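Using this note's numbering, the first residue of the sequence shown is number 3, and each one after it goes up by one.
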Amino acid sequence: MLKKVIVALSILMSASAFAVDPIVTESTTDSTVTTRGSMETTVKSPPPSAISPQFSAGNNSDLCTIGVAGAVQTQILGISAGTTFTEENCIRLKNAKTLYDMGMKVAAVSVMCQDKKVFDAMMNAGTPCPYKGLIGEAARIGWESHVEETQKELLESDKPNVKETATLGGLGLLGWLLLL
Numbered sequence: 003m004l005k006k007v008i009v010a011l012s013i014l015m016s017a018s019a020f021a022v023d024p025i026v027t028e029s030t031t032d033s034t035v036t037t038r039g040s041m042e043t044t045v046k047s048p049p050p051s052a053i054s055p056q057f058s059a060g061n062n063s064d065l066c067t068i069g070v071a072g073a074v075q076t077q078i079l080g081i082s083a084g085t086t087f088t089e090e091n092c093i094r095l096k097n098a099k100t101l102y103d104m105g106m107k108v109a110a111v112s113v114m115c116q117d118k119k120v121f122d123a124m125m126n127a128g129t130p131c132p133y134k135g136l137i138g139e140a141a142r143i144g145w146e147s148h149v150e151e152t153q154k155e156l157l158e159s160d161k162p163n164v165k166e167t168a169t170l171g172g173l174g175l176l177g178w179l180l181l182l
């Protein structure tokens, strides 16, 4: 039995000698990493605004001008424009007042009578506008005896200003084209 014990111990000793050895694992890894990417930035902003120039009629009321301005903005194009127009009735009133202040009352009334409405009102009131230096009843007879000539003069004074009409027409056409 001792033999059996010695054999068993030698087996155990040899088995424990194997258990002490470490386990070695070898591993080799080769890896390649490829990264591809793209970036796109889109900036969305509104187009610049067309801002019309400012014209103020109140800065100097002695000029008898009226400012007109406008602007049109589309997605691609913006246009602004402005101009001034001379107001004829304002000039007529200032001239009549100046003449009246200088003591030239008949001349002041004559200036006001260049307006057809004033002319008609004066005739209806029984105080006709001066006619070639004549006043009162003599002026009425002068106006009535030269009706064709006076009507022609009144019609010519009421004609619209060609420059103003052309400018307004051009601005209107430009605005219409921009809306297309």
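Cβ coordinates follow ideal geometry from the N, Cα and C atoms, glycine included. Here the structure is a predicted model, which means the values were calculated and not measured.
**Report entry** The beta strand (DSSP E) enclosing V70, as first and last residue numbers
**Finding:** If you number the sequence shown from 1, residue 70 lands on position 68. According to the DSSP assignment, V70 belongs to the beta strand (DSSP E) that extends over T67 to Q75.
Requested in this report: Report all residues from its chain with a CB closer than 7 Å to the CB of R142; omit the five preceding and five following residues, and keep chain order.
Outcome: In the sequence shown, the residue the question calls residue 142 occupies position 140. Hits under 7 Å: P130.
**Report entry** Cross-strand partners of T85 (DSSP beta bridge)
**Finding:** Here residue 85 is taken as the residue at index 83 of the sequence shown, counted from 1. Answer by DSSP bridge pairing, in chain order: V70.
**Report entry** Host alpha helix (DSSP H) of C131 (start-end)
**Finding:** Stepping through the sequence shown from its first residue, residue 131 is reached at position 129. Segment: none, C131 is in no alpha helix (DSSP H) and carries neither H nor E.
Query - 7 Å CB neighbourhood of M124 in its chain, flanking five on each side removed - result: Within the sequence shown, numbered from 1, the residue matching residue 124 stands at position 122. Within the same chain, M124 has close Cβ partners C115, P130 and C131.
Query raised in the report: Quick one: what's got a C-beta closer than 6 Å to A19's C-beta in the same chain, skipping five residues either side?
Result: Numbered from 1 along the sequence shown, position 17 holds the residue referred to as residue 19. Residue confidence is low: A19 scores 49 on pLDDT, short of 50, so the model does not pin down where it sits. No coordinate-derived value is stated.
Query raised in the report: By a C-beta neighbour count over all protein chains shown, 10 Å radius and 16 as the cutoff for buried, is A127 buried or exposed?
Result: Counted from its first residue, the sequence shown places residue 127 at position 125. The residue is exposed, with fewer than 16 neighbouring Cβ atoms inside 10 Å.
Requested in this report: Enumerate in chain order the residues of its own chain whose CB-to-CB distance from V113 is below 8 Å, with the five nearest sequence positions on each side excluded.
Outcome: The sequence position of residue 113 within the sequence shown is 111, counting from 1. Excluding residues within five positions, the ones whose Cβ falls inside 8 Å are R94, N97, A98 and L101.
Query raised in the report: In this structure, does DSSP put G80 in helix, strand or coil?
Result: As a first step, residue 80 must be located in the sequence shown, where it is residue number 78. Looking at G80 - three-state DSSP - the assignment turns out to be strand.
Report task. Grab me the residues of V108's own chain with a C-beta within less than 7 Å of its C-beta, minus the 5 sequence neighbours each way, in chain order. Result -> Position 106 of the sequence shown, counted from the start, is the residue given in the question as residue 108. Spatial neighbours of V108 in its own chain (CB-CB distance under 7 Å, excluding positions within 5 residues in sequence) are listed in chain order as P132 and I137.
Query raised in the report: Distance, Cα to Cα, M41 vs E28?
Result: For the purposes of this step, residue 41 is taken as residue 39 along the sequence shown, with counting starting at 1. For the purposes of this step, residue 28 is taken as residue 26 along the sequence shown, with counting starting at 1. Their Cα atoms are separated by approximately 42 Å.
Report task. With I203 as the anchor, note down where its alpha helix (DSSP H) starts and where it stops. Result -> Absent from the structure is residue 203, since the part of the chain shown begins at 3 and ends at 182.
Requested in this report: Name the residue from G105, I53, N91 and T76 whose alpha carbon lies nearest to the alpha carbon of T67.
Outcome: As a working note, residue 67 is residue 65 in the sequence shown. The residue with the shortest Cα to Cα distance from T67 is N91.
**Report entry** Cutoff 9 Å: K96 Cβ touching any chain C Cβ
**Finding:** Looking for chain C here will not work: only one protein chain is present.
**Report entry** Three-state secondary structure assigned by DSSP to D64
**Finding:** For the purposes of this step, residue 64 is identified with residue 62 of the sequence shown, where counting begins at 1. It is coil, neither helix nor strand.
Report task. State the CB to CB distance for the pair S2 and G80, rounded to an integer number of angstroms; the pair is presumed to be in contact (CB under 8 Å). Result -> Residue 2 falls outside the range modelled here, since the chain spans only 3 to 182, and no answer is possible.
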